[in-house]
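Since the structure comes first, as structure tokens, the remarks are kept for the end.
Numbering (the numbering used here), first residue to last: 1033 to 1370.
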């Protein structure tokens, strides 16, 4: 008997939560207010926060029996996700972040897409929405091929098979088949698990109707740190799963290498300065093309944003230490399931 055909399947929404006092109550309410016809429950995996996140989570759970809490003493995302998966019961498991803003039809659209496509995981668009001029510049860069390449969950496009998607709504059977998230991956755990889903014969599907609002980083330093760690851990994925790197991922480290080489060589052979100068001109031109409808305060920040994203990601990829790569094993969920 297929529960997807007989009745709307139960959906468990899992949320890794850390320092989310300001946003948690609204994020949970948006889940509980979904227009989905089937049962929904929420599992909050709460880490050791520096604010009142634990108290807010306890209050939410006390007021609604559909919300349960599990501890995440490490504070790390993959540990939180596996703990929440283990505590959940739904045939469908939806990952949502503690500050995510969901449209009311998010869960319904996801389940319908799972039914129609036979996919193991579906996800949609990471819709970056800024408030300050800098955040607006970051939001534009995160939806531009100049900033993030051709990743559909950033730039949009037609629905269809994908390497990875934002967040994800999974069949429980798929999570159990691959053993959940690999807790070794502090970052890039979504990409890594989606790779294992595809390796084991599963289908990952991009559904552009699923849009989740995302607030981008508010400072250059925070943005650079974010993309440095993205690059660092994407290199770990590449070491663990051979053959998963394509030109889109190699472009930033190649750019960093050429710029550094040009800057050093330029002191001995001045024409070499054309390389970093050419990069600077390219991102200024790209900023004008992609940000012409932005307010002036955001537009002038766009070249800095592009450079921070490219150079930080590339530097993280190049400098990623081999010690980060350990023997691949899916720690946590697999052990808990047996």
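Every residue, glycine too, gets a C-beta built ideally from N, C-alpha and C.
Practice item. Counting only runs of 3+ residues fully inside the stretch 1040-1073, write out the beta strand (DSSP E) ranges in chain order. Key: 1043-1049
Check your understanding: Hey, would you say residue 1146 sits closer than 8 Å to residue 1124, going by beta carbons?
Key -> Looking up residue 1146 in the chain shown gives position 114. Looking up residue 1124 in the chain shown gives position 92. The answer is yes: Cβ separation under 8 Å.
Check your understanding: So, is residue 1300 buried or exposed, given that buried needs 16 or more other C-beta atoms within 10 angstroms?
Key -> Taking the chain shown and counting its residues from 1, the one referred to as residue 1300 is at position 268. The residue in question, residue 1300, is exposed, as its Cβ has fewer than 16 Cβ neighbours within 10 Å.
Review point. Taking just the CA atoms, how far does residue 1088 sit from residue 1352?
Key: On the chain shown, residue 1352 is found 320 positions in, with the first residue counted as 1. On the chain shown, residue 1088 is found 56 positions in, with the first residue counted as 1. Roughly 37 Å separates the two Cα atoms.
Check your understanding: Which word fits residue 1041, buried or exposed, when buried means at least 16 other C-beta atoms lie within 10 angstroms of its C-beta?
Key -> Here residue 1041 corresponds to residue number 9 of the chain shown, with the count starting at 1. Buried: at least 16 other Cβ atoms inside 10 Å.
Review point. If we count the other Cβ atoms within 10 Å of its Cβ and call it buried at 16 or more, is residue 1205 buried or exposed?
Key: Sequence index remark: in the chain shown, residue 1205 carries index 173 (1-based). Its Cβ having fewer than 16 others within 10 Å, residue 1205 is exposed.
Exercise for review: Go to residue 1166, then tell me how far its alpha helix (DSSP H) extends in each direction, as first and last residue.
Suggested key: For this step, residue 1166 is matched to residue 134 along the chain shown. Start and end: 1165-1173.
Practice item. On the DSSP bridge assignment, give the partners of residue 1237 in chain order. Key: For the purposes of this step, residue 1237 is identified with residue 205 of the chain shown, where counting begins at 1. According to DSSP, which records beta bridges pairwise, residue 1237 is partnered with 1154, 1193.
Practice item. Spatial neighbours of residue 1176 within its chain, please: CB distance less than 6 Å, with the 5 preceding and 5 following residues excluded, ordered by chain position. Key: The residue given as residue 1176 occupies position 144 in the chain shown. Hits under 6 Å: 1322.
Exercise for review: Following the continuous beta strand (DSSP E) through residue 1311, name the residue where it begins and the one where it ends.
Suggested key: For the purposes of this step, residue 1311 is identified with residue 279 of the chain shown, where counting begins at 1. Taken as a continuous stretch (DSSP letters only), residue 1311 belongs to no beta strand (DSSP E), being part of the alpha helix (DSSP H) at 1306-1322.
Check your understanding: Is the stretch 1040-1056 touching the stretch 1097-1115, taking contact as three or more C-beta pairs under 8 Å?
Key -> yes
Review point. Okay, do the stretch 1125-1142 and the stretch 1278-1290 touch, 3+ Cβ pairs below 8 Å being the bar?
Key: no
Check your understanding: With DSSP run on the structure shown, which of helix, strand or coil describes residue 1340?
Key -> Within the chain shown, residue 1340 is the residue found at index 308, counting from 1. Helix.
Practice item. Please report how far the alpha carbon of residue 1201 lies from the alpha carbon of residue 1143, in whole angstroms. Key: Working through the chain shown from its first residue, we reach residue 1201 at position 169. Working through the chain shown from its first residue, we reach residue 1143 at position 111. Looking at the two C-alpha atoms, the distance is approximately 8 Å.
Review point. Can you name the residues that DSSP bridges to residue 1016?
Key: Residue 1016 falls outside the range modelled here, since the chain spans only 1033 to 1370, and no answer is possible.
Check your understanding: CA-CA distance, residue 1313 and residue 1157?
Key -> Your numbering for residue 1313 matches position 281 in the chain shown. Your numbering for residue 1157 matches position 125 in the chain shown. Roughly 30 Å between the two C-alpha positions.
Point to revise | Residue range of the alpha helix (DSSP H) that includes residue 1132 | key: As a position in the chain shown, residue 1132 is number 100, starting the count at 1. Segment: none, residue 1132 is in no alpha helix (DSSP H) and carries neither H nor E.
**Study point:** Cutoff 7 Å; reference residue 1338; Cβ partners in own chain excluding five residues on either side
**Key:** Taking the chain shown and counting its residues from 1, one reaches residue 1338 at position 306. 1173, 1178, 1179, 1315, 1318, 1319, listed in sequence order.
Review point. For the alpha helix (DSSP H) that contains residue 1088, what are its first and last residues?
Key: Along the chain shown, read from residue 1 onward, the residue named residue 1088 stands at position 56. Residues 1085-1095.
Check your understanding: What is the residue span of the beta strand (DSSP E) that residue 1371 lies within?
Key -> This structure does not reach residue 1371, given that the chain is present from 1033 up to 1370, and the question cannot be answered.
Exercise for review: Return the chain-ordered ranges of every beta strand (DSSP E) run that is complete within the stretch 1246-1276 and spans a minimum of 3 residues.
Suggested key: none
Practice item. Check the C-beta distance from residue 1295 over to residue 1303 and give it rounded, since I have them as a contact under 8 Å. Key: Counting from one through the chain shown, the residue named residue 1295 turns up at place 263. Counting from one through the chain shown, the residue named residue 1303 turns up at place 271. Actually they are not in contact, since the Cβ atoms of residue 1295 and residue 1303 sit about 13 Å apart, beyond 8 Å.
Exercise for review: Give the secondary structure of residue 1210 by DSSP, where H, G and I count as helix, E and B as strand, and everything else as coil.
Suggested key: Translated into the one-based positions of the chain shown, residue 1210 becomes position 178. Residue 1210 falls in the helix class under three-state DSSP.
**Study point:** Beta-carbon contacts of residue 1079 that lie in its chain and below 6 Å, excluding the five residues immediately before and after
**Key:** Counted from its first residue, the chain shown places residue 1079 at position 47. 1050, 1104, 1107.
**Study point:** Reference residue 1213, options 1273, 1334, 1261, 1109, closest by Cα
**Key:** Along the chain shown, read from residue 1 onward, the residue named residue 1213 stands at position 181. Nearest option by C-alpha distance: 1109.
Review point. What span of residues does the beta strand (DSSP E) with residue 1220 cover, start to end?
Key: Walking along the chain shown from the start, residue 1220 turns up at place 188. No beta strand (DSSP E) holds residue 1220; DSSP gives it neither H nor E.
Exercise for review: Could you pull out every residue in the same chain whose Cβ sits closer than 8 Å to the Cβ of residue 1370, ignoring the five residues on either side in sequence?
Suggested key: As a first step, residue 1370 is located in the chain shown; it is residue number 338 there, counting from the start. The predicted model places residue 1370 with a pLDDT of 36, which falls under 50 and marks its position as unreliable; any figure quoted below should be read in that light. Answer for residue 1370: no residue qualifies.
Check your understanding: Mapping DSSP to helix, strand and coil, what is residue 1280?
Key -> Against the chain shown, residue 1280 aligns to sequence position 248. Helix, per DSSP.
Check your understanding: How should residue 1233 be labelled, buried or exposed, when 16 other C-beta atoms within 10 angstroms of its C-beta is the threshold for buried?
Key -> Your numbering for residue 1233 matches position 201 in the chain shown. Under this definition residue 1233 is an exposed residue.
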